[in-house]
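Student: Heads up, the sequence shown stops at 579 in my numbering, and the numbers go up one at a time, no gaps. Idealized CB from N, CA, C, for every residue including glycine.
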Amino acid sequence: MHDFHYKGRIDGLHLAFSYAVTTDLVNEAIRRHDCDPVAAHVFGRAITAGLLATSTLNEAERINLRWAYQGLLQTVVVDAGPDGASRGLISPPHLDQAEELDALYGAEGELQLIRSREGKILSSGTVACCFQDVVADLVHYLCISDQVESAMLVLIQLSNHPEHPVALCRGLLIQALPGGDLNRFQQWRERLSSPLVRGLLAREEESDNHLENILHKLIEPEAMPAGLSVVDAGQPRFVCTCSPVKLGAVLRSLPYTERMDIVKKKEPVSITCHFCRKQYALSIDDCIAALNEKV
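1. Run the CB neighbour count on histidine 286, radius 10 Å, all protein chains shown included, and call it buried at 16 or more, exposed below.
2. Going by C-alpha distance, which of Asn493, Pro376, Ser408 and Arg482 is nearest phenylalanine 559?
3. Could you tell me which of Ala412, Gln358 and Ser407 sits nearest to alanine 387, measuring between CA atoms?
4. Roughly how many angstroms separate the alpha carbons of glutamate 417 and tyrosine 389, rounded to a whole number?
5. Would you mind reading off the limits of the beta strand (DSSP E) that contains methionine 436?
6. Measuring only the C-alpha atoms, how far is valine 553 from glutamate 542?
7. In the DSSP assignment, find the unbroken alpha helix (DSSP H) run with glutamate 322 in it and report its ends.
8. Quick one: what's isoleucine 398 bridged to in DSSP?
9. Out of Arg475, Glu345, Ser478 and Leu297, which one is the CA nearest neighbour of glycine 511?
10. Within 10 Å of its beta-carbon, does asparagine 342 have 16 or more other beta-carbons around it, so buried, or fewer, so exposed?
11. Whose CA, out of Ala300, His500 and Ile374, lies closest to the CA of arginine 316?
12. With respect to the beta strand (DSSP E) encompassing glycine 365, which residues constitute its N-terminal and C-terminal limits?
13. Are the Cβ atoms of leucine 457 and serine 434 separated by less than 8 angstroms?
14. If you compare alpha carbons, which of Leu575, Asp320, Leu495 and Phe288 is closest to histidine 445?
15. Could you spell out the range, first to last residue, of the beta strand (DSSP E) harbouring aspartate 516?
16. Can you tell me whether DSSP reads valine 553 as helix, strand or coil?
17. May I ask you to report which of helix, strand or coil DSSP gives histidine 494?
18. Below 8 angstroms between beta carbons: does that hold for glutamate 488 and leucine 452?
19. With a cut-off of 8 angstroms, do at least 3 Cβ pairs link the stretch 362-371 to the stretch 509-524?
20. Can you give, in chain order, each stretch of the alpha helix (DSSP H) that sits fully within the stretch 287-320 and has at least 4 residues?
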């Protein structure tokens, strides 16, 4: 089953939704960062949640999410666009020592979300992380900062296969549209986390009408109105935008003393991209050229 991302709305119920299977995307991210099972669980759900949240973006826009916690888990970053191109990082990638949520997340944290278009910031906001869960903390942001009633469920199933550490990752985001009945939406929010809907979302095989079946169970006992629309939002995939040119900018951002040390040592410099873990080897001539470049 290949990854996909659908978004849509049910106009008769004033309900918008975003639905995705992200198994391949999450496997790629977890392999690149060499995550242990605990980190894989957190990271995979964060990437999927970030992708689902792109459903409200316009073309060429992106969101950058940064969760910061005070437990063993320090930082999770997800960068995603409505075309499915996503990347991320987790620090540290080994969290098996955390036996309880308090140890994993700590007592406090914050989530920052930045919306941008072609590198220009459109909006940004920050909320406190209160739930010791990356998905719940993102939903909290959408409800509080964006002021859009939202609910999200992201399920991940791990495997013992080293090349495919995730057997399945799938998620659903629902949001109330203007004019909707918030009491009714609260019922859908509660039903989204019910064993029935969770069971449907956890099924390994994806039938042609799987999404429609989930939506039917979500809104029961109401019938599905005629205003159901679904569009393909683009295939989820791991894409990093790093390049030697961008790494030159990283060198120029170093403190003056560190830049001078590079020049004095006259040795090649190795730089690793935090997102994709690709290593770049820059000769001393490359470093000097990058440091002297005028921007």
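Tutor: The answer reads as follows:
1. By the neighbour-count criterion, in which a residue is buried when 16 or more other Cβ atoms sit within 10 angstroms of its Cβ, histidine 286 is exposed.
2. Nearest option by C-alpha distance: Pro376.
3. Measuring from the Cα of alanine 387, the nearest candidate turns out to be Gln358.
4. Note on residue identity: the sequence assigns aspartate, not glutamate, to residue 417. Aspartate 417 and tyrosine 389 have their alpha carbons spaced roughly 8 angstroms apart.
5. Methionine 436 -> beta strand (DSSP E) spans 434-442.
6. Their Cα atoms are separated by approximately 12 angstroms.
7. Per the sequence shown, residue 322 should be read as valine rather than glutamate. Residues 321-336.
8. Residue pairing by DSSP places isoleucine 398 opposite Asn348 and Ser408 in a beta bridge.
9. Checking every option, the nearest Cα to that of glycine 511 belongs to Leu297.
10. When all chains shown are included, asparagine 342 counts as exposed.
11. The residue with the shortest Cα to Cα distance from arginine 316 is Ile374.
12. If you look at glycine 365, you'll find it isn't in any beta strand (DSSP E); DSSP assigns it neither H nor E.
13. The Cβ atoms of leucine 457 and serine 434 lie closer than 8 angstroms to each other.
14. Nearest of Leu575, Asp320, Leu495 and Phe288 to histidine 445, Cα basis: Asp320.
15. 512-516 is the extent of the beta strand (DSSP E) around aspartate 516.
16. Residue state, collapsed to three classes: strand.
17. The DSSP-derived three-state label of histidine 494 is helix.
18. Yes, the pair counts as a contact, with Cβ atoms nearer than the cut-off.
19. Touching, yes, given that three or more Cβ pairs across the two stretches are closer than 8 angstroms.
20. For secondary structure counted as the alpha helix (DSSP H) over 4 or more consecutive residues, the stretch 287-320 holds these complete runs in sequence order: 307-317.
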